[in-house]
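Mapped onto mature numbering (1 follows the signal peptide of the UniProt record, and there is no 0), the consecutive letters of the sequence shown carry residue numbers -22 to -1, 1 to 481.
A virtual CB, placed ideally from N, CA and C, is assigned to each residue, including glycine.
Please read all numbers here as calculations on a predicted model, not as lab measurements.
Worksheet: the structure to be examined is printed underneath.
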Amino acid sequence: MKRLHVLAASLMLLAAAASLGAQDKGTLAPDQIPGVAAYIAYPVSIKADGKLDDWKGIPVQKVSRAIYAGPDITQSPWFEFAVAGDAKNLYVLMRTKDSKIIAGKHGADYWNEDSMEFYVNFTGNLLAKSYTAGIMQITINATNIGKKAGTPLSITGMNNAKAGVTGTAFKTADGWAFEAVLPYPAGFTPSHGKIIGFQAHTNGASELDRDTKLIWSAADEADNSYQNPSLFGQGIFFNVGKNDIPQPSSQVFDLGAEFKKNGASGKTNRKIVWADEFKSGKAPDPAKWAYDAPDSGKWNQELQEYTDSRENSYVENDLLTISARKGADGKWKSARLYTKGKADWTYGYFEVRAKLPAGKGTWPAIWMMPAKDSYGDWPASGEIDIMEFVGFEPDRIHTSVHTTSYNHRLGTQKTRAAPVKGVTDGFHDYAVEWTPKGIFWYIDNKPFYSFMKEDGGSTVWPFDKPFFLILNVAMGGSWGGMKGMDPALDKADMVIDYVRVYQ
């Protein structure tokens, strides 16, 4: 859900972005799955001219995972990349922070220069362990800076001789970047859901040698992508006119292994420190829950008024029901419960078992907000969306975080949406594990998505302060109602079995 203080102008921006139709939160393709899959927006029109306006709406992945780091990691602490395509070409944008660019000082030993590289596998065999036709490494070093846009770039790397890469490289305020155009090999045609192998690296150099190596694909732990293409991640073509989100191939990655590698442990070795099993009473326990303001959904143009009426929230048969109801006057009323002022936590495992309401126009959510705006108003102090669902997308669950750098107003929020069967027919467990290193989402105890802590301070990671829980059912609004309301709908219930917090 979006914060109370989002301005009307921001809502207009969101509505305009939503009209793109490709992804309902304002980008041309789904957000990338860190270290696993990058969605390739297509068909889009890109000019490799260094201006970058045509990349607007294409998700950007920021990478700071260092396989090895030199004595001054601040020289090359991160890189970003985005991928797009049209009928003939793959387009790659890469940018890195680099406080001292080293170029043209190592001769044939190009790997000791400041460089950025991407790898592609067009063969369809994601498990290929050697370079064949259609698999290539495209290394672009900083000697390309200043070349005229659209000219052939000086490239190195495995199997690159016939790649035909053009583009431009240029300095930025804090480093350098390139836009590259790679023609598809003969016989390759992009289509919605088609998967290619994809990888991205950067090399940070000192005067003497390369001393920093950053790698995107989590499968490559020792800089072996130049030898073994099976270590690439996945590039998934996403047709900007589609609404269904194709999923990564399960044969080449194990999200659970990535969770474990990044320190996630789920509920293991944790104890319940707070819970509501809804075993007594007819109303939500006032010692645990409070009600949000009646108009707290207005910032998202939602239709409902929130109330503390038993019609809109009640406990019965060991279940909490949050019920949105349309009155005889055609107006909706619902409830938004939160633990603000009652309980909040820094880190832990937060789990809610719930059955969601069906029907176009429904917008239930389970989410978390900061107890205090320590870093400023939304989105500066953060937001964690454990689960969001909109009725016009049956059986698809959304998870997200919002920060100053990553939020829906900019179309940069870190998010994943994927099919989950039967969310309106039965109960499912929605959970998030929040640690000092990252945030990990689970659905039915299975890993779903992660957002790892990045450099950049509170603008990217404000998640070191207490947050409280929120449960609500919204109706309509800038997202929930963007495809209209079911005129026959007069009631929408989210039923909750339990809420548990482990630490």
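- [ ] Using three-state DSSP, classify asparagine 278 as helix, strand or coil.
- [x] Helix.
Task: 8 Å Cβ cutoff met for valine 218 and alanine 19 - done: yes
Task: Endpoints, alpha helix (DSSP H) assigned at serine 456 - done: 455 to 458
TODO: Specify, as a first and last residue, the run of the alpha helix (DSSP H) that phenylalanine 237 falls within.
DONE: 233 to 239
Open item on the list: Tell me the DSSP secondary structure of aspartate 273 in three-state form.
Closed with: coil
- [ ] Alpha carbon to alpha carbon, how far is lysine 140 from serine 108? Give it in angstroms, no decimals.
- [x] Serine 108 and lysine 140 have their C-alpha atoms spaced approximately 17 Å apart.
TODO: Taking 8 Å as the threshold, find out whether the stretch 319 to 333 comes into contact with the stretch 236 to 252 through three or more Cβ pairs.
DONE: yes
TODO: For glutamate 294, count neighbouring C-beta atoms within 10 Å of its own C-beta (all shown protein chains included) and say buried if the count is 16 or more, exposed if not.
DONE: exposed
Open item on the list: Quick check: tyrosine 204 and tyrosine 327, are their CB atoms within less than 8 Å of each other?
Closed with: Tyrosine 204 is not a Cβ neighbour of tyrosine 327, given a cutoff of 8 Å.
Task: Range covered by the beta strand (DSSP E) that runs through alanine 7 - done: Unbroken run through alanine 7: none, as it is neither H nor E.
Open item on the list: Contact defined as beta carbons within less than 8 Å: I believe alanine 349 pairs with phenylalanine 429. What is the distance between those atoms, to the nearest angstrom?
Closed with: Not confirmed; about 20 Å, so no contact.
Task: Contiguous beta strand (DSSP E) assignments of at least 3 residues, all confined to the stretch 95 to 165 - done: Taking 3 residues as the shortest admissible run, the stretch 95 to 165 contains the following complete beta strand (DSSP E) segments, listed from N- to C-terminal end: 113 to 119, 144 to 149 and 153 to 161.
Open item on the list: Here's the rule I'm using: 16 or more other beta-carbon atoms within 10 Å means buried, otherwise exposed. How should valine 9 be labelled?
Closed with: Before going further, note that residue 9 is aspartate rather than valine in the sequence given. Buried, since its Cβ has 16 or more Cβ neighbours within 10 Å.
TODO: Helix, strand or coil for tryptophan 33, going by three-state DSSP, please let me know.
DONE: helix
- [ ] Tell me where the beta strand (DSSP E) around isoleucine 300 begins and ends.
- [x] 297 to 304
- [ ] Take the Cβ of residue 510 as the centre, count every other Cβ of all protein chains shown within 10 Å, and call the residue buried at 16 or more, exposed below.
- [x] Since the first and last residues shown for the chain are -22 and 481, residue 510 lies out of range.
Open item on the list: The beta strand (DSSP E) that contains isoleucine 421, what's its start and end?
Closed with: 416 to 421
- [ ] Within 10 angstroms of the Cβ of threonine 317, are there 16 or more other Cβ atoms? Answer buried if so, exposed if not.
- [x] buried
- [ ] In angstroms with no decimal places, state the Cα-to-Cα distance between leucine 298 and glycine 416.
- [x] 30 Å
TODO: Express the C-alpha separation of proline 163 and serine 93 in angstroms, rounding to a whole number.
DONE: 24 Å
- [ ] Quick one: residues in its chain with C-beta nearer than 8 Å to the C-beta of alanine 81, no 5 flanking neighbours on either side, listed in chain order?
- [x] Glu91, Asp92, Asn119, Ala120, Thr121 and Ile123
Task: Euclidean distance between Cα positions of serine 228 and isoleucine 173 - done: 12 Å
Task: Residue from Val438, Lys431 and Glu411 with nearest C-alpha to proline 425 - done: Glu411
TODO: Under 7 Å Cβ to Cβ from tyrosine 17, same chain only, skipping five residues before and after it: list those, please.
DONE: Ala7, Pro8, Gln10, Pro37, Ile214 and Phe216
TODO: Report the option in Pro161, Leu160, Lys126 and Gly135 whose CA atom is closest to the CA atom of alanine 147.
DONE: Lys126
Open item on the list: Would tryptophan 33 and leucine 68 be called neighbours here (beta carbons separated by less than 8 Å)?
Closed with: no
TODO: Inspect the beta-carbon positions of tryptophan 457 and valine 401 and report whether they are closer than 8 Å.
DONE: no
Open item on the list: Let me check understanding here. Comparing Cα to Cα, which of Met460, Pro12 and Ala62 lies closest to asparagine 278?
Closed with: Met460
TODO: Identify every residue that forms a DSSP beta bridge with tryptophan 345.
DONE: Tryptophan 345 is bridged by DSSP to Asp363 and Ile448.
Open item on the list: Taking 8 Å as the threshold (C-beta atoms), are tryptophan 56 and aspartate 433 in contact?
Closed with: yes
- [ ] Flag this pair as yes or no: are the beta carbons of glutamine 53 and threonine 246 separated by less than 8 Å?
- [x] no
Open item on the list: What ranges does the beta strand (DSSP E) occupy inside the stretch 181 to 211, keeping only unbroken runs of at least 3 residues that lie completely in it?
Closed with: 188 to 193
- [ ] Taking 8 Å as the cut-off, decide whether the C-beta atoms of threonine 150 and leucine 131 are in contact.
- [x] no
Open item on the list: Restricting to Cα atoms, I'd like to know which of Phe441, Gly244, Arg288 and Lys239 is closest to aspartate 263.
Closed with: Arg288
Task: Sequence-distant residues of the same chain with beta carbon closer than 6 Å to arginine 394, five excluded per side - done: Thr377 and Tyr427
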